[in-house]
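Residue numbers (this note's numbering): 120 to 251.
Below, the structure written as structure tokens:
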């Protein structure tokens, strides 16, 4: 086995073990992440419109923010496209992902500098978990 395959195999095993450990405490970790995201977005327009500063748990979040589709969020996204900052997330997005829009036209998804490491880590974990 080549050195490259050995390294990839070890990384895949490590990633699979880490994902397994996360799954054992998923609810606790997700609640912690939710409250961190809500706190970070509290001063955005969306956060102010939905009183993020008063949210202290999942039940309050669920009550404050109804399930929405893209069209419901489009007014916020249009403001971001027009150059607005601190609308859905602090600051301005670095990029917009553009979907093909098979059912309701093209959609623009803001990609912020804060979200890029998560996108990369998720793709890496998916590939390594597949290899494992």
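For glycine and all other residues, C-beta sits at the position ideal for the given N, C-alpha and C. Here the structure is a predicted model, which is why all the values come from computation and not from measurement.
Residue 131 and residue 247 - do their beta-carbons sit closer together than 9 Å? Position 128 of the chain shown holds residue 247. Position 12 of the chain shown holds residue 131. Yes, the pair counts as a contact, with Cβ atoms nearer than the cut-off.
What does a CB cutoff of less than 8 Å around residue 207 pick up in its chain, not counting 5 residues either side in sequence? Position 88 of the chain shown holds residue 207. Result list for residue 207: 160, 163, 164, 165, 192, 195, 196, 199 and 229, in chain order.
Confirm, please, whether the CB-CB distance from residue 190 to residue 223 is below 9 Å. Sequence index remark: in the chain shown, residue 223 carries index 104 (1-based). Sequence index remark: in the chain shown, residue 190 carries index 71 (1-based). Closer than 9 Å, so yes.
Is the shortest distance between the beta-carbon of residue 231 and the beta-carbons of chain C less than 9 Å? Protein chains in the displayed structure number just one, and chain C is not present.
Would you decide whether residue 221 is buried or exposed? Buried here means 16 or more other CB atoms lie within 10 Å of its CB. Translated into positions along the chain shown, residue 221 becomes position 102. Classification for residue 221: exposed.
Distance, Cα to Cα, residue 123 vs residue 237? Here residue 123 refers to the residue found at position 4 when the chain shown is read from its first residue. Here residue 237 refers to the residue found at position 118 when the chain shown is read from its first residue. Using only the alpha carbons, I get a separation of about 25 Å.
So for residue 161, helix, strand or coil by DSSP? Here residue 161 refers to the residue found at position 42 of the chain shown. Reduced to three states, the DSSP call for residue 161 is coil.
Could you tell me which residues DSSP puts in a beta bridge with residue 214? Position 95 of the chain shown, counted from the first residue, corresponds to residue 214. Answer is 230, bridged to residue 214.
Rounded C-alpha distance that separates residue 225 from residue 179: The residue you call residue 225 lines up with position 106 of the chain shown. The residue you call residue 179 lines up with position 60 of the chain shown. C-alpha separation (whole angstroms): 32 Å.
Which two residues bound the contiguous alpha helix (DSSP H) that contains residue 219? For the purposes of this step, residue 219 is taken as the residue at position 100 of the chain shown. Run containing residue 219: none; DSSP gives neither H nor E here.
Identify which residue in 148, 217, 213 and 250 has its Cα closest to the Cα of residue 235. Within the chain shown, residue 235 is the residue found at index 116, counting from 1. The shortest C-alpha separation from residue 235 is found at 213.
Please determine, among 210, 147 and 155, the residue with the shortest C-alpha to C-alpha distance to residue 232. Locating residue 232 in the chain shown gives position 113, counting from the first residue. For the residues 210, 147 and 155, the minimum Cα distance to residue 232 belongs to 210.
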